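Numbered per the UniProt record's numbering, the sequence shown spans residues 1 to 186.
Even glycine gets a Cβ: it sits at the ideal position worked out from N, Cα and C.
Note that this is a predicted model, so its numbers are computed, not measured.
Read the structure below first, then the notes.
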Amino acid sequence: MFAPRDPDEYLLGTERRVIRVRRHWSSLLWDILEAAALLAGAMMISYLLPDNAGIVQNILWYAALFVLLRLAYFVMEWWVERIVVTDKRFMISSGVFETKVAMMPITKVTDLTYERTVLGRMFGYGTLVVESAGQIQALNRIEFLPNPEQVYDAISELTFGDKKAQADRFSMIKAQRVARGKKMVP
1 MFAPRDPDEY LLGTERRVIR VRRHWSSLLW DILEAAALLA GAMMISYLLP
51 DNAGIVQNIL WYAALFVLLR LAYFVMEWWV ERIVVTDKRF MISSGVFETK
101 VAMMPITKVT DLTYERTVLG RMFGYGTLVV ESAGQIQALN RIEFLPNPEQ
151 VYDAISELTF GDKKAQADRF SMIKAQRVAR GKKMVP
């Protein structure tokens, strides 16, 4: 009841999923470091406070609990968010308590760029910049995307590639998965 829907439930019967990923774990790095620093500060202040400062100690530890709950929410938010690319569109589904699905048809893509910083090369993530005809979409900039070269190549092939070759490739992938006994997404 409270679990978010699987992104595959939003796919049409005629769509084939090409890529399904979540953002790279390093997108949580700043939140983890921030929580660790705040918890270390709370422990240090708690250690330095005199023994008769019980109310301040309680407030301090409730603040530390809030920091942990906030970090847990960010981790849940990261875990639930999915980036899905199909042969017709790409979308991002997100939200722990309130589901949000942003979608853009592949046919609207006019320019596609991926960027990788030095840290992105070290950790294996990048940023995908998608430009569409005439307006800025909700999926304009997708940051902390794992394996951005593969996503870039797949979207480029879907957008600018030969449609007959794509159909042959996807039917070959489907045949290989069926031969290995893997379940195909309808």
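What residues match up with PHE90 in a beta bridge as DSSP calls it? VAL85 and MET104
Hey, how far is the Cα of ALA154 from the Cα of VAL18? 7 Å
Are VAL84 and ARG20 touching if we call contact CB-CB under 7 Å? yes
Quick check on this structure: which residue in PHE97, LEU68 and LYS88 has the alpha carbon closest to the alpha carbon of LEU12? LYS88
Report the residue from GLY95, PRO148 and THR86 whose alpha carbon sits nearest the alpha carbon of LEU121. One detail in the question is off: residue 121 reads as Arg in this sequence, not Leu. With distances taken between Cα atoms, ARG121 lies closest to PRO148.
Leaving out five residues on either side along the sequence, give the residues of the same chain with a beta carbon under 7 Å from the beta carbon of PHE74. LEU28 and ASP31
Could you name the residues of the same chain whose beta carbon sits closer than 7 Å to that of PRO186, not counting the 5 residues immediately before and after it, in chain order? Residue confidence for PRO186 is low, a pLDDT of 46 falling below 50, so the modelled location carries little weight; the figure read from the coordinates is stated next. Excluding its 5 nearest sequence neighbours in each direction, PRO186 has C-beta neighbours in its own chain below 7 Å: GLY13, listed in chain order.
Selected residue, minimal CA-CA separation from TYR47, among TRP61, ARG82 and ALA72: TRP61
Closest residue to PHE160 among ALA42, ILE59, ASP111 and MET44 (Cα-Cα distance): ASP111
Quick one: what's ASP51 bridged to in DSSP? Answer by DSSP bridge pairing: none, since ASP51 is not bridged.
So what does DSSP say about GLY126, is it helix, strand or coil? Three-state DSSP puts GLY126 in a strand.
Specify, as a first and last residue, the run of the beta strand (DSSP E) that PHE144 falls within. 141-146
Does the distance from the C-beta atom of ILE106 to that of LEU139 stay below 7 Å? In this structure, LEU139 does not lie closer than 7 Å to ILE106 by Cβ.
Is the Cβ-Cβ distance between VAL151 and ARG141 less than 7 Å? no
Spell out the partners DSSP gives TYR114 in its beta bridges. LEU128
Out of ALA102, ARG82 and GLU77, state which residue places its alpha-carbon closest to the alpha-carbon of VAL96. For the residues ALA102, ARG82 and GLU77, the minimum Cα distance to VAL96 belongs to GLU77.
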